Amino acid sequence: MAEFLTLSQAIETVRDGDTVAMEGFTHLIPYAAGHEVIRQGRKQLTLVRMTPDLIYDQLIGMGCAEKLVFSWGGNPGVGSLHRLREAVEKGWPNRLEVEEHSHAAMANAYEAGAANLPFAVLRGYKGVDLPKVNPTIRSVTCPYTGEVLATVPAIRPDVSIIHAQRADRAGNVLLEGIVGVQKEAVLAARRSVVTVEEVVDDLGPRSPNAIVLPSWTVTAISVVPGGAYPSYAHGYYKRANSFYQAWDPIARDRDTFLAWMREHVLERGPEDFASRLAKVA
Amino acid sequence: MAEFLTLSQAIETVRDGDTVAMEGFTHLIPYAAGHEVIRQGRKQLTLVRMTPDLIYDQLIGMGCAEKLVFSWGGNPGVGSLHRLREAVEKGWPNRLEVEEHSHAAMANAYEAGAANLPFAVLRGYKGVDLPKVNPTIRSVTCPYTGEVLATVPAIRPDVSIIHAQRADRAGNVLLEGIVGVQKEAVLAARRSVVTVEEVVDDLGPRSPNAIVLPSWTVTAISVVPGGAYPSYAHGYYKRANSFYQAWDPIARDRDTFLAWMREHVLERGPEDFASRLAKVA
Amino acid sequence: MTDQTPSTTYSATEIMTVTAARALSAEDVCFVGIGAPSAACNLARLTHAPGVTLIYESGTIDTKPQVLPLSIGDGELCETALTTVSVPEMFRYWLQGGRITVGFLGGAQIDRYANLNTTVVGDYDKPKVRLPGGGGAPEIATNCGEIFITMAMSPRAFVDKLPFITSFGHGTGAGSREALGVKTKGPTRVFTDLCVLEPHPDTKELQVVTLHPGVTRERVQEQCGWPVKFADDCSETPAPTAEELKILRDLHERTKLAHQGEA
Amino acid sequence: MTDQTPSTTYSATEIMTVTAARALSAEDVCFVGIGAPSAACNLARLTHAPGVTLIYESGTIDTKPQVLPLSIGDGELCETALTTVSVPEMFRYWLQGGRITVGFLGGAQIDRYANLNTTVVGDYDKPKVRLPGGGGAPEIATNCGEIFITMAMSPRAFVDKLPFITSFGHGTGAGSREALGVKTKGPTRVFTDLCVLEPHPDTKELQVVTLHPGVTRERVQEQCGWPVKFADDCSETPAPTAEELKILRDLHERTKLAHQGEA
C-alpha cells in the first residue's frame with residue numbers, strides 16, 4: 009500500500025546510482041519532486057524520460073546525472089536545453105552518457121516494462137542512423153512471416169516519479185487528460201513516488217474506465233499543490249508558458265543558471281509550489 | 009467515415025468464408041448482429057472470439073462456421089454450450105475445426121493486430137498441452153536476455169462486430185464499462201460493424217480519456233436498441249441471467265434448438281430486440 | 034459482537050468455501066475465478082480480510098460486489114470496482130506484470146501434482162467430452178505468486194492421469210517448475226468438500242493436511258483417483274463459525290434475490 | 034461571402050503555411066508536428082478542410098484547438114479532442130496501426146532525397162551542435178501514408194549531405210524505401226518559404242515544382258546546399274487569398290493573446 013510521506017521523505021527512496029524515470033508528456037511534469045532530488049544532492053543517476061525538458065536540464069546542470077535515456081530533449085516551443093547541450097557538447101559539469109531512442113521505441117519499452125516482458129517489438133528505426141549509435145536497438149524475426157522487426161529492451165526503472173491530480177485516503181491515484189506514459193512508468197518500476205495536487209475522501213463520480221493507479225502499485229504519495237508548475241495539471245491550473253521562455257536566457261550561462269538554482273531550488277522547499285501556482289491561476 | 013446503415017445492410021459486409029470476430033466480454037455482446045448473420049445464411053466462417061457463448065452456439069448450430077478460434081467456450085454460470093460440443097464431438101451440423109488458445113494469448117493477439125504487428129509475445133503456455141495441439145503457438149528468443157517467450161500470430165479479422173452504448177451523428181462510438189477486447193478487435197479488422205443502443209447529437213460530457221472509436225475507424229453503424237440482449241449494456245439494461253439458464257435445455261436437443269431458432273431468429277428481425285429489452289428493464 | 038462458535042450444521046460446500054476464504058489475507062491481491070473461488074474470495078472480503086483486492090479477468094480491479102456475479106463480467110463487478118481496464122491490459126500489465134499474489138482456480142480435473150484439466154476428456158481431436166477450455170487459467174497458473182484451488186472431490190475429478198494439462202501445477206513433481214524457468218510458487222493449497230490438501234514440501238505431491246470434521250481417511254480415498262497420502266501431522270479442519278456461515282448464507286441469499294429480478 | 038482574391042501583402046512564412054495547409058484534405062488523418070506543421074494543419078481545418086482529423090503525439094485524437102499549442106501536449110489539445118489516449122497506445126494502435134494518412138514534419142536539416150536530421154551537427158559522440166533528437170519522427174516517416182515537410186530554406190538547412198539521418202525519406206533515391214520493405218510513400222511534398230518541392234517520380238530527388246510569386250530560381254539555389262533541380266513544368270505558387278491570410282492572422286492573434294494570459 010502507498011505510504012503518505014512528506015516530499016523529502018518520499019524522495020529518499022531515490023538512491024545514488026539509481027535509474028530514475030520522471031515522466032509527464034508536457035502535462036503533469038513532476039517539477040517539485042525533481043527539485044527535491046536536486047536538494048538531496050543525488051548523484052550518478054541514470055535519468056530516463058521520453059521528453060527531457062526544463063526539470064532534466066536542471067538535474068543535469070546540477071550534476072545529478074551520469075546518463076540520459078531519452079527520445080526528444082528540448083524546451084518545447086522555445087528551443088534548446090542549454091544545460092543538456094553543454095553536458096553533451098562540453099562535458100560540464102560532468103560527462104553525460106546518452107542512450108537515444110525514438111518516441112515509439114521508448115513508449116514501447118515502458119509498455120513492455122509494465123507488462124513484465126524483457127523487450128518490446130516495433131515496426132521502427134527503418135533507414136535511420138540511431139541503431140548505428142545505440143547498440144541496444146536490435147531485432148527479432150517474426151516466427152510466422154519471417155519479417156524482421158526492431159526491438160528495444162524493456163525500461164525497468166529503480167524508481168519512477170510522476171505527478172497526478174489526486175489520491176484518495178487509501179492511496180489510489182487518479183490521472184486524467186494527457187496521460188503520456190506515466191501509468192506504464194509506475195507499473196514498470198521497482199519503486200514509485202507520486203506527487204498529487206490534493207487528497208480527497210473519495211475519488212468521486214468518474215468514468216468506469218478512469219485511469220487509476222491502485223494504492224498497492226505505488227510506494228509513496230506526497231501532497232504537493234502546484235507540484236507540476238511550470239507545466240500544468242488538467243482541471244487545476246494552466247501551463248506557465250512564460251516560464252519556459254524565461255528559462256532560455258537563465259540556462260544559457262553557467263553562472264546565471266547556478267545563481268537561479270540556488271535562489272529558487274536549493275534555498276526553497278516544496279511548499280513554494282503552491283505560491284508559484286497562486287501567481288498563475 | 010462510418011456509414012449509418014440498417015442492420016441488414018451492415019451485415020452484408022460479412023461474406024461467406026470470412027474471418028469474423030464478434031467480441032464482448034460478457035458485456036455488450038452483439039447478439040442482434042449475430043442473429044442477422046444467421047438470417048443472411050453466411051457459411052464457412054472462421055469465427056473468432058475469446059469467450060464464445062450463446063450467440064456462437066447459435067451460429068455453430070445453424071451451420072455458419074467451419075472453424076472456431078477461441079479460449080473459453082461455455083455458457084457462463086450455467087455450463088456447456090451444447091451446439092458447440094455437438095459440433096466438436098459429433099460433427100453436427102458440420103465438422104468444426106478448432107484453434108484453441110488461452111485468454112492471455114488471444115488478448116495479446118488482438119492487441120498485436122490493433123498495433124499492426126505480425127505476432128504477439130507473452131510469458132505464457134508454460135508446461136501445458138495446448139502448444140502440442142495448436143501449431144500456431146511458437147516462440148522467440150529475447151535478443152537481450154536469451155529468454156524464450158511464447159508467441160501467437162496477430163488476429164486480423166476480415167470483419168469485427170461489436171455492440172456499444174452510443175454513437176454521435178458523425179459516427180464516433182463510445183464504449184464504457186467492461187470493454188473487453190472490443191476496441192482492439194475493431195482496430196485489428198479490415199472492416200467493422202458496430203451496433204449501438206442509440207445515436208446522440210453529441211457524446212456529451214465525458215472523461216477526457218473516454219474510450220471512443222473515431223468514426224473513420226468504423227465501417228458501418230446500426231442503431232439496434234437492446235441489441236446486446238440477453239447480455240447487457242452498462243447504463244442501459246441488465247443481463248438477462250434467466251435467458252442463459254433457459255438456453256441450456258433449448259440447446260441440448262437438435263430439434264428444440266432448430267425450432268427455437270426458427271421462431272426467435274429466422275422469422276424475426278432486429279427490431280425485436282427493443283421489445284425483449286422492454287421485458288427486462 | 035460476532036459469533037465465533039464452531040457450527041455443526043453446514044454443508045460440505047459451505048465448509049469448502051469457508052476454509053478457502055480463510056486462506057486469504059487483507060494484503061492479498063487475488064485473481065478470482067468464477068464459481069466456488071468467487072464465493073470464497075468475497076466471503077474473505079466480508080469477514081476477516083476486508084482489505085483484500087479482488088480482480089476478475091474481465092478487467093475489474095478492486096471490486097466489491099454486494100452479490101455474487103453469475104459470470105466473470107457481470108455489471109455488478111464493474112459498478113463496484115475501483116476501475117475497469119481492457120482485457121489486453123488486464124492480462125499484460127496486471128497478470129503478466131506480476132502484480133497478483135494469489136490466483137484462485139477451479140477445474141474439472143486435477144492430478145496429484147495439482148495440474149488441472151478444463152479442456153477435454155478423451156482424445157483432443159476426438160473428445161469424449163469437450164470442456165470449456167483454459168480461459169485465463171494457463172497464465173494465471175504461472176504468473177500469480179501462488180495458486181489456491183477449490184473443487185469438490187470425486188474419482189472423476191481427482192484423477193490418476195490427466196488426459197490434457199490445461200494449467201501447470203507441479204508438473205511431474207519437485208523441480209518441474211524450476212526446469213521451465215517458472216519462478217512463482219504454483220499451487221500451495223487445494224480446498225475440497227472433504228479436506229484440504231497441500232503439496233509435500235519435498236516431492237510436491239498433494240497430501241491431505243486437514244480433514245473436515247467427521248470426514249474419514251477412507252472417505253477421502255474413495256473420492257480420489259490415486260492413492261492419496263496424508264501428512265504426518267494431519268489434523269481436523271476448524272469448523273465454520275456461526276458468523277462465517279451467516280455471512281456466506283446472506284451473500285447467497287442476496288445473490289439469489291438479485292438475480293431473480295433479472296428476467 | 035469569402036474573399037478569394039490573391040493577396041500581395043504576405044510574409045514568406047505566411048505563404049509557406051498557406052501552401053502547406055492547402056495540401057491537406059477533409060478526409061485526411063494527420064499526425065501533426067509542432068511549430069510550422071501545427072499552424073498549417075489548423076489553418077486547413079479552419080478553411081477548406083473542416084473535417085480533417087488532427088492527431089498530436091501526446092495522445093490527443095481529432096483535436097480542434099482554438100489557439101495554436103506551444104507544445105505538443107498543451108491542455109487546449111486535450112480539452113478540444115474527441116478523446117485522449119496514452120502515448121504507448123498512440124504509437125502502437127494509431128501510428129504503427131497504419132491509421133494516419135499524412136505525417137507532417139519539420140526538421141533542422143534536409144537532403145535532396147528528403148531525409149531529415151534533427152539529432153546532431155558534427156560527430157554523434159562529439160557533436161558541434163546537439164539538436165533535440167528524433168522524437169516521433171523516425172516512425173512517423175515510415176508508418177504514415179505519406180509525409181509532408183515544411184521548413185524554411187537556407188544553405189545550413191538544405192544540405193548536400195546530412196551528418197545524421199534521423200528520419201528516412203527516399204534514402205539514396207528510387208527503390209530505397211522498397212529495399213527496406215517500407216510500403217508507405219514517404220515524403221511527397223516539401224513546403225518552404227520560397228517554393229514547393231516534390232520528389233521526381235523516377236529518381237526521387239527533390240525538384241522545385243512551384244516558385245512562390247516573385248521568387249527567382251537563383252534565389253532558391255542560393256538557399257539550397259545542393260544543385261537544385263526544377264521540374265519541366267515548374268510554375269508559380271498561387272498566392273494566399275485574403276481570406277486565408279485573415280484566418281491565419283486571426284489564429285496567430287488569438288494564440289498570442291491566449292498565451293499572454295499564462296504567466
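Chains as they are written, first to last, in the numbering used here: chain A, 9 to 289; chain B, 9 to 289; chain C, 34 to 296; chain D, 34 to 296. Beta carbons are placed, not taken as given, at the ideal position from N, Cα and C, and that holds for glycine. Note that this is a predicted model, so its numbers are computed, not measured.
Next on the checklist: Given this structure, state the Cα-to-Cα distance separating H292/C from P257/B, to the nearest angstrom.
Outcome noted: The alpha-carbon of H292/C is positioned some 19 Å away from that of P257/B.
Item to check | Enclosing alpha helix (DSSP H) for V22/B [first to last residue] | outcome: That residue, V22/B, is in no alpha helix (DSSP H); it is neither H nor E in DSSP.
Item to check | Members of the stretch 154-175 of chain A near chain B, C-beta cut-off 8 Å | outcome: Against chain B - using a Cβ distance shorter than 8 Å - the residues of the stretch 154-175 of chain A are E155, L157, T159, P161.
Checklist entry - Given S187/D, which residues of its chain have a CB within under 7 Å of its CB, disregarding the five upstream and five downstream residues? => result Taking C-beta separations shorter than 7 Å and ignoring five residues to either side along the sequence, the partners of S187/D in its chain run Q256, following chain order.
Next on the checklist: I'd like to know whether the C-beta atoms of I68/B and G121/B end up nearer to each other than 7 Å.
Outcome noted: No; because the gap between Cβ atoms is not below 7 Å, this pair is not in contact.
Checklist entry - Where do the ends of the beta strand (DSSP E) carrying G121/B lie? => result Element bounds for G121/B: not the beta strand (DSSP E) but the alpha helix (DSSP H), 111-122.
Next on the checklist: Cβ closer than 9 Å: which chain F residues qualify as neighbours of T221/C?
Outcome noted: The chain inventory of the structure shown lacks chain F, comprising the protein chains A, B, C and D.
Item to check | Own chain, CB closer than 6 Å to G25/B, minus 5 neighbours either side, in chain order | outcome: Same-chain partners within the cutoff: Q52.
Checklist entry - Would you call T38/C buried or exposed, if buried means 16 or more other Cβ atoms sit within 10 Å of its Cβ? => result Burial call: exposed.
Checklist entry - From the beta carbon of F124/D, is the nearest beta carbon of chain A less than 7 Å away? => result Closer than 7 Å: yes.
Next on the checklist: Using only CA atoms, which one of Q253/A, M30/A, T227/A lies nearest to V86/A?
Outcome noted: Here the closest residue by C-alpha is Q253/A.
Item to check | Collapsed DSSP secondary structure at H245/C in the structure displayed | outcome: Shown here, H245/C sits in coil according to DSSP, grouped into three states, outside any helix or strand.
Next on the checklist: Does L195/C pass the burial test, meaning 16 or more other C-beta atoms within 10 Å, or should it be called exposed?
Outcome noted: Here L195/C is buried. Its C-beta has 16 or more other C-beta atoms within 10 Å.
Checklist entry - Is any beta-carbon of chain B found at less than 7 Å from that of D61/D? => result With 7 Å as the cut-off, D61/D does not count as an interface residue toward chain B.
Checklist entry - Could one say the Cβ of D107/C lies closer than 7 Å to chain A's Cβ atoms, at least one of them? => result With 7 Å as the cut-off, D107/C does not count as an interface residue toward chain A.
Item to check | Separation of H233/C from E60/C, as counted between CA atoms | outcome: Inter-residue distance for E60/C and H233/C is about 25 Å (C-alpha atoms, whole angstroms).
Checklist entry - What are the boundary residues of the alpha helix (DSSP H) that includes V85/C? => result Run containing V85/C: none; DSSP gives neither H nor E here.
Item to check | Cβ neighbours of F127/A in the same chain (closer than 7 Å, five flanking residues each side left out) | outcome: Taking F127/A as the centre and dropping the five residues before and after it, the same chain places the C-beta of A120, T159, V160, P161, A162 closer than 7 Å to its C-beta, in chain order.
Checklist entry - Which residues bound the alpha helix (DSSP H) around D65/B? => result Where D65/B is concerned, the enclosing alpha helix (DSSP H) stretches over 62-69.
Checklist entry - How is the beta strand (DSSP E) around I37/A delimited, first residue to last? => result Premise fails: I37/A is in no beta strand (DSSP E) and is neither H nor E.
Item to check | Helix, strand or coil at A29/B according to DSSP, with G and I counted as helix | outcome: Strand, per DSSP.
Next on the checklist: Taking CB distances under 7 Å as the criterion, tell me whether F201/C reaches chain B.
Outcome noted: Among the CB atoms of chain B, one or more fall inside 7 Å of the CB of F201/C.
Checklist entry - Along chain B, which residues have their Cβ under 8 Å away from the Cβ of V215/C? => result For V215/C, the chain B residues whose C-beta falls within less than 8 Å of its own C-beta are K134, G135, listed in chain order.
Checklist entry - Which chain B residues are close to Q129/C, counting only those with a beta carbon under 8 Å from its beta carbon? => result When 8 Å is used as the limit between beta carbons, Q129/C is near these residues of chain B: A112, L130, R131, G132, in chain order.
Checklist entry - Got a sec, what are the start and stop residues for the beta strand (DSSP E) V56/A sits in? => result Annotation for V56/A: the continuous beta strand (DSSP E) segment containing it runs 53-57.
Next on the checklist: According to DSSP, N83/A sits in a beta bridge with which residue or residues?
Outcome noted: N83/A pairs with G87/A.
Checklist entry - Can you tell which of A72/C, R78/C, R189/C, W259/C has its C-alpha closest to the C-alpha of M49/C? => result Among A72/C, R78/C, R189/C, W259/C, the Cα nearest to that of M49/C belongs to A72/C.
Item to check | Straight-line gap, P260/C to E231/C (C-alpha atoms, nearest Å) | outcome: Those two C-alpha atoms are separated by around 15 Å.
Item to check | CB contact check: S239/A to chain B, cutoff 7 Å | outcome: Using a Cβ-Cβ cut-off of 7 Å, S239/A does not count as an interface residue toward chain B, since no Cβ of chain B sits closer than that to its own.
Next on the checklist: Under DSSP, the beta strand (DSSP E) around A228/A begins and ends at which residues?
Outcome noted: Going by DSSP, A228/A is part of the beta strand (DSSP E) stretching over 228-231.
Item to check | Residue interval of the alpha helix (DSSP H) (run including A54/C) | outcome: A54/C: member of the alpha helix (DSSP H) spanning 45-55, first to last residue.
Checklist entry - Would P222/B be called buried (16 or more neighbouring beta carbons within 10 Å of its own) or exposed? => result Taking a 10 Å sphere around the C-beta of P222/B, we find 16 or more other C-beta atoms and assign the residue as buried.
Checklist entry - For R146/A and chain B, any beta-carbon pair shorter than 7 Å? => result Cβ-Cβ to chain B under 7 Å: yes for R146/A.
Item to check | Nearest-angstrom Cβ-Cβ length linking E172/C and L128/C, presumed shorter than 8 Å | outcome: About 6 Å; that satisfies the 8 Å criterion.
Checklist entry - Between G135/B, A282/B, H90/B, which lies nearest to K216/C when the distance is taken from Cα to Cα? => result Checked all of G135/B, A282/B, H90/B; the closest Cα to K216/C is G135/B.
Item to check | Cross-chain neighbours of R287/C in chain A, by beta carbon under 8 Å | outcome: Result: empty, since nearest Cβ-Cβ is about 22 Å, beyond 8 Å.
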